[in-house]
Amino acid sequence: MRSTMWRQAALIATKDVRVLLADKSAIMFMMIFPLILVAILSTVMAPAYTGQDLQMEIVMVTHEGAGSISQGIIDGMRETAAKLAVVQALPEVAHQAVEERRLSGYIEFPASFSQDLLSGAPVELFVFAHPEAQTMKPALESVAQAIASEITRKWVEAQATAALAMRYGGEEIHEQLAALLAGGTAAGSTSHNSNVSVEFIQVGPAESKSVATHMLPGYVTMFIFFGLALTAEVLVGERQNQTLDRLIASRASRGSILLGKYLGNVARGTIQAIVLLGAGYFLFNLDLGYTPWATFAVTLAVVLCAAALGLAMATIAKTRQAASAIAVLASMVMAPLGGCWWPVWIMPFWMQTIAKFTPHAWANIAYSKLLYFASPPSAVFGEIAVLLLFAAGFGAFAAAKFRIEQ
Amino acid sequence: MNRISAIVTKELRLFASDKQQLFFGFLMPLAIIAMMVGAFGGGQPLNITGYVLDMDNSTQSAALIDGLDRIAGINLRVLDATEAAARLERSDIASYLVIPEGFAQGIAAGDVSLEVQRRGNGGSDGQIFSSFAVAVASDLAADAQQHRNVLANLDALGLTYDAAVVSSVLDEFRLAAADQPRVSLVMDSAGERGEGASFFLPGIVAMFALFTVALGSENIVAERKNGTLERLMTTRLSKAELLTGKFLAFGVRTLLQVTLLFAIGWIWFGLFTPSTFAQTLLFSVAVAGAGAAFGLLVSAIARSQEQAVWGSVIITNVSAMLGGSFVAIDPDSIIGKLGRFTLNYHANVGYRAMVGAGVGFESPEVWQSFVILLGAAIVLLLLAIPAFRVRGDA
Numbered sequence: 171m172r173s174t175m176w177r178q179a180a181l182i183a184t185k186d187v188r189v190l191l192a193d194k195s196a197i198m199f200m201m202i203f204p205l206i207l208v209a210i211l212s213t214v215m216a217p218a219y220t221g222q223d224l225q226m227e228i229v230m231v232t233h234e235g236a237g238s239i240s241q242g243i244i245d246g247m248r249e250t251a252a253k254l255a256v257v258q259a260l261p262e263v264a265h266q267a268v269e270e271r272r273l274s275g276y277i278e279f280p281a282s283f284s285q286d287l288l289s290g291a292p293v294e295l296f297v298f299a300h301p302e303a304q305t306m307k308p309a310l311e312s313v314a315q316a317i318a319s320e321i322t323r324k325w326v327e328a329q330a331t332a333a334l335a336m337r338y339g340g341e342e343i344h345e346q347l348a349a350l351l352a353g354g355t356a357a358g359s360t361s362h363n364s365n366v367s368v369e370f371i372q373v374g375p376a377e378s379k380s381v382a383t384h385m386l387p388g389y390v391t392m393f394i395f396f397g398l399a400l401t402a403e404v405l406v407g408e409r410q411n412q413t414l415d416r417l418i419a420s421r422a423s424r425g426s427i428l429l430g431k432y433l434g435n436v437a438r439g440t441i442q443a444i445v446l447l448g449a450g451y452f453l454f455n456l457d458l459g460y461t462p463w464a465t466f467a468v469t470l471a472v473v474l475c476a477a478a479l480g481l482a483m484a485t486i487a488k489t490r491q492a493a494s495a496i497a498v499l500a501s502m503v504m505a506p507l508g509g510c511w512w513p514v515w516i517m518p519f520w521m522q523t524i525a526k527f528t529p530h531a532w533a534n535i536a537y538s539k540l541l542y543f544a545s546p547p548s549a550v551f552g553e554i555a556v557l558l559l560f561a562a563g564f565g566a567f568a569a570a571k572f573r574i575e576q
Numbered sequence: 014m015n016r017i018s019a020i021v022t023k024e025l026r027l028f029a030s031d032k033q034q035l036f037f038g039f040l041m042p043l044a045i046i047a048m049m050v051g052a053f054g055g056g057q058p059l060n061i062t063g064y065v066l067d068m069d070n071s072t073q074s075a076a077l078i079d080g081l082d083r084i085a086g087i088n089l090r091v092l093d094a095t096e097a098a099a100r101l102e103r104s105d106i107a108s109y110l111v112i113p114e115g116f117a118q119g120i121a122a123g124d125v126s127l128e129v130q131r132r133g134n135g136g137s138d139g140q141i142f143s144s145f146a147v148a149v150a151s152d153l154a155a156d157a158q159q160h161r162n163v164l165a166n167l168d169a170l171g172l173t174y175d176a177a178v179v180s181s182v183l184d185e186f187r188l189a190a191a192d193q194p195r196v197s198l199v200m201d202s203a204g205e206r207g208e209g210a211s212f213f214l215p216g217i218v219a220m221f222a223l224f225t226v227a228l229g230s231e232n233i234v235a236e237r238k239n240g241t242l243e244r245l246m247t248t249r250l251s252k253a254e255l256l257t258g259k260f261l262a263f264g265v266r267t268l269l270q271v272t273l274l275f276a277i278g279w280i281w282f283g284l285f286t287p288s289t290f291a292q293t294l295l296f297s298v299a300v301a302g303a304g305a306a307f308g309l310l311v312s313a314i315a316r317s318q319e320q321a322v323w324g325s326v327i328i329t330n331v332s333a334m335l336g337g338s339f340v341a342i343d344p345d346s347i348i349g350k351l352g353r354f355t356l357n358y359h360a361n362v363g364y365r366a367m368v369g370a371g372v373g374f375e376s377p378e379v380w381q382s383f384v385i386l387l388g389a390a391i392v393l394l395l396l397a398i399p400a401f402r403v404r405g406d407a
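As given, the protein sequences belong to chains A and B, one line each in that order. In this text, residue positions in the first sequence follow my numbering: the first is 171, and each later residue adds one. In this text, residue positions in the second sequence follow my numbering: the first is 14, and each later residue adds one.
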């Protein structure tokens with residue numbers, strides 16, 4: 171009885187795989203389209219994925235000329251700022267570049283900067299950034315804040331020195347004090363000198379990775395889930411046109427149909443994963459990590475989970491259109507939420523918490539550990555277990571709700 | 014004219030009753046806009062969790078931790094040595110900051126060192142966190158340096174002083190400077206209004222407007238395949254009237270779609286004024302015209318419904334990527350130059366100028382894009398008309 175069920179399930183699964191291989195549009199969507207996307211995005215996003223330590227380029231502009239305090243600050247930072255590449259640009263060129271989105275932003279010293287500083291008038295320092303400059307905006311703000319703090323600190327130093335000198339030395343110290351402050355502690359003599367060093371201690375190897383290594387795993391996850399979610403539409407179609415009824419009439423059991431459909435989904439997902447990872451490896455220099463078998467294990471868990479999700483969706487939808495809509499909507503919401511489109515840390519904390527309820531997030535965490543952080547296979551056992559739990563949950567839901575009749 | 018309007022009415026009725034088209038036309042773009050704005054909008058540019066191991070346990074190390082904790086967007090977790098090492102070993106975390114023993118002495122001496130334990134490059138969030146740690150530590154070191162400088166100044170003047178009084182006076186000035194800093198920062202930006210939505214809404218609306226209309230070409234292919242178009246030709250309807258009707262139907266439904274999505278954007282994000290909304294709709298006439306012509310061309314070329322669907326999906330998605338719908342692209346790069354040949358690019362340029370910068374047709378970006386889209390509509394129509402067949406592909 172049990173062997174009959176497995177035999178029937180295997181026949182159904184084989185038929186589904188044969189249908190997939192003959193379906194040009196399915197192959198286009200599941201395998202070729204993701205690779206086209208990765209090819210384009212790899213080119214577009216290449217500068218953001220160097221894999222090296224961040225080297226921020228800070229653009230500074232001044233409306234003052236040579237010999238001014240602002241020019242002195244810029245020159246000082248160009249020579250001494252650690253981990254920053256300070257570049258000076260003409261104000262109008264930088265402004266135009268930000269408006270055209272060629273530049274994320276810059277720090278601007280106004281024309282009255284030196285005069286205001288020396289006369290004691292309020293001084294302003296401008297940060298001009300594009301509103302969507304997610305990383306550069308806070309970076310510019312922190313550099314500008316550091317400059318402002320340094321100037322304020324020098325000013326406080328001069329003020330405190332003067333007050334204390336008058337307190338302990340009286341009026342007769344006035345000339346000496348003026349000479350001392352003019353000689354180096356005055357507010358205008360600032361320059362940014364960091365005396366803080368950071369030592370990086372590496373745990374495990376560190377190598378820069380190809381752009382595809384940063385992008386492809388997320389897209390593999392997304393398109394496996396997307397492709398298998400769309401099988402819900404096919405299954406609902408088979409229920410609508412009584413194909414499932416006919417299978418029952420030919421002595422196939424409900425269990426063998428369900429198992430066969432699940433195995434068919436697993437086989438389709440596995441073929442898709444092999445094609446995508448294989449193309450990534452040979453065409454886009456995808457790094458499969460230090461333990462490729464662990465990467466494959468994660469991928470298999472993703473496939474098992476996505477295959478069960480496809481079945482679960484088929485049990486919810488009543489029509490093909492509804493199945494297709496549910497599949498597309500769920501896939502397109504879970505993928506970005508789970509970190510397939512962007513790193514999760516740019517999302518608010520509440521979205522990061524919700525992301526944990528998507529299998530995509532666990533898959534992406536596991537891929538990150540194996541591919542970027544050179545973690546041992548044992549580091550992803552937890553993520554694999556969660557993916558399998560998701561698979562069991564979706565599978566149990568599908569088994570409970572699966573209907574043969576329309 | 015009646016025959017053309019009859020075709021337009023029939024097509025619009027079909028569109029309104031087609032749940033799938035309505036889903037792709039309205040619900041999907043709204044869901045994606047919500048995701049994009051949730052992720053990128055709201056003004057908080059980063060939301061990272063930073064991990065710290067404090068080996069110094071001094072007032073200064075506590076001040077460093079406090080300084081990091083006060084930075085918006087950083088969720089700070091202080092770990093003990095065993096937990097930190099175990100979590101890094103298990104790869105639960107990619108990096109953590111170590112405040113080493115002697116940190117306080119380092120601050121006092123003006124020579125501070127920090128340590129970062131990490132896997133790989135520690136992740137970009139880990140790198141950002143360590144740069145914040147350097148900034149806060151630099152501040153602490155600079156405060157200590159400031160104290161030493163004042164003492165050195167008093168020494169240079171040959172004065173005898175009470176160290177406690179010096180600290181107290183310095184603190185007074187520091188407090189005054191904290192209330193009224195010598196230099197204040199002014200944050201300014203290009204096209205601030207609407208934050209993330211001003212970038213994503215136009216890109217996604219343009220993408221789905223073109224996508225839905227291209228997807229609608231599948232219906233024309235189906236009508237050709239099942240002989241409907243051929244039967245229509247046996248009536249008094251001419252091919253020109255048929256094409257005009259289909260073109261107008263595509264254009265009108267795109268316009269309806271764009272109007273509704275931008276209206277929701279107006280209510281949701283407050284992106285428009287009545288004037289910019291009206292001008293955006295006028296601009297949308299060119300987008301709808303170009304989209305409709307593109308839909309007709311796809312229906313003319315496609316031999317099967319599958320080809321129409323996949324042609325639409327691939328062309329519109331690739332155009333959206335090249336045209337900068339989701340990410341800003343350097344216009345001087347190869348991708349940026351290729352992007353100029355897409356309808357999405359010009360639609361995005363015009364829409365973003367109006368939505369983001371609040372300008373209208375007086376801006377060259379808007380009217381130039383408008384003219385280019387109208388030109389593209391004419392070229393696409395000129396390609397579609399001779400290629401359009403009413404029979405075949407059975």
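C-beta atoms are modelled at their ideal positions from N, C-alpha and C, and glycine is treated no differently. All of these numbers come straight from a predicted model, not from anything done at the bench.
Whole-angstrom distance between residue j and residue i, CA atom to CA atom
{"i": "G340/A", "j": "A76/B", "result": "36 Å"}
{"i": "L228/B", "j": "L260/A", "result": "47 Å"}
{"i": "L242/B", "j": "F401/B", "result": "11 Å"}
{"i": "L273/A", "j": "L59/B", "result": "19 Å"}
{"i": "G388/B", "j": "A422/A", "result": "60 Å"}
{"i": "K526/A", "j": "C475/A", "result": "15 Å"}
{"i": "P546/A", "j": "L540/A", "result": "7 Å"}
{"i": "M385/A", "j": "A192/A", "result": "29 Å"}
{"i": "P462/A", "j": "I496/A", "result": "34 Å"}
{"i": "E249/A", "j": "L223/B", "result": "50 Å"}
{"i": "L446/A", "j": "F393/A", "result": "9 Å"}
{"i": "Q222/A", "j": "S548/A", "result": "In this prediction, Q222/A has a pLDDT of 48, which is less than 50 and means its spatial position is unreliable; what the coordinates show is noted afterwards. Cα to Cα, the separation comes out at about 26 Å."}
{"i": "G373/B", "j": "T293/B", "result": "8 Å"}
{"i": "G374/A", "j": "V229/A", "result": "35 Å"}
{"i": "G235/A", "j": "A349/A", "result": "26 Å"}
{"i": "I61/B", "j": "I516/A", "result": "8 Å"}
{"i": "T22/B", "j": "T485/A", "result": "36 Å"}
With 16 other Cβ atoms within 10 Å as the buried cut-off, status of residue i
{"i": "G439/A", "result": "buried"}
{"i": "S18/B", "result": "exposed"}
{"i": "V392/B", "result": "exposed"}
{"i": "S11/B", "result": "An answer regarding residue 11/B cannot be provided, because it is not within the stretch 14 to 407 covered by chain B."}
{"i": "S297/B", "result": "buried"}
{"i": "N166/B", "result": "buried"}
{"i": "D152/B", "result": "buried"}
{"i": "N15/B", "result": "exposed"}
{"i": "A407/B", "result": "Residue confidence for A407/B is low, a pLDDT of 46 falling below 50, so the modelled location carries little weight; the figure read from the coordinates is stated next. Answer is exposed; the Cβ neighbour count stays below 16."}
DSSP beta-bridge partners of residue i
{"i": "F296/A", "result": "E278/A, V199/B"}
{"i": "N88/B", "result": "T62/B"}
{"i": "Q372/A", "result": "R131/B"}
{"i": "T232/A", "result": "F279/A"}
{"i": "D67/B", "result": "I112/B"}
{"i": "A255/A", "result": "E227/A"}
{"i": "S367/A", "result": "S126/B"}
Of the residues the options, the one placed nearest residue i, counting alpha carbons only
{"i": "L148/B", "options": "I371/A, Y537/A, L558/A, V366/A", "result": "The residue you asked about is not Leu; residue 148/B is Ala in the sequence shown. The candidate whose alpha carbon is nearest that of A148/B is V366/A."}
{"i": "G237/A", "options": "Y276/A, V257/A, S284/A, S212/A", "result": "S284/A"}
{"i": "L398/A", "options": "P280/A, K539/A, L190/A", "result": "L190/A"}
{"i": "E24/B", "options": "A121/B, G373/B, T173/B, F263/B", "result": "F263/B"}
{"i": "A570/A", "options": "R424/A, V436/A, V257/A", "result": "R424/A"}
{"i": "I206/A", "options": "A191/B, L295/B, I328/B, D67/B", "result": "I328/B"}
{"i": "L351/A", "options": "V326/A, G434/A, M247/A", "result": "V326/A"}
{"i": "A97/B", "options": "R161/B, I84/B, V111/B, G86/B", "result": "V111/B"}
Near the ligand SAH: residue i beta-carbon under 8 Å from a heavy atom
{"i": "E294/A", "result": "As presented, the structure is devoid of all ligands, the ligand SAH included, so that no description of it is given."}
For the stretch 528-545 of chain A, enumerate the residues whose C-beta is nearer than 7 Å to any C-beta of chain B, in chain order.
-> Per Cβ criterion, the list reads K539, Y542, F543, A544, S545.
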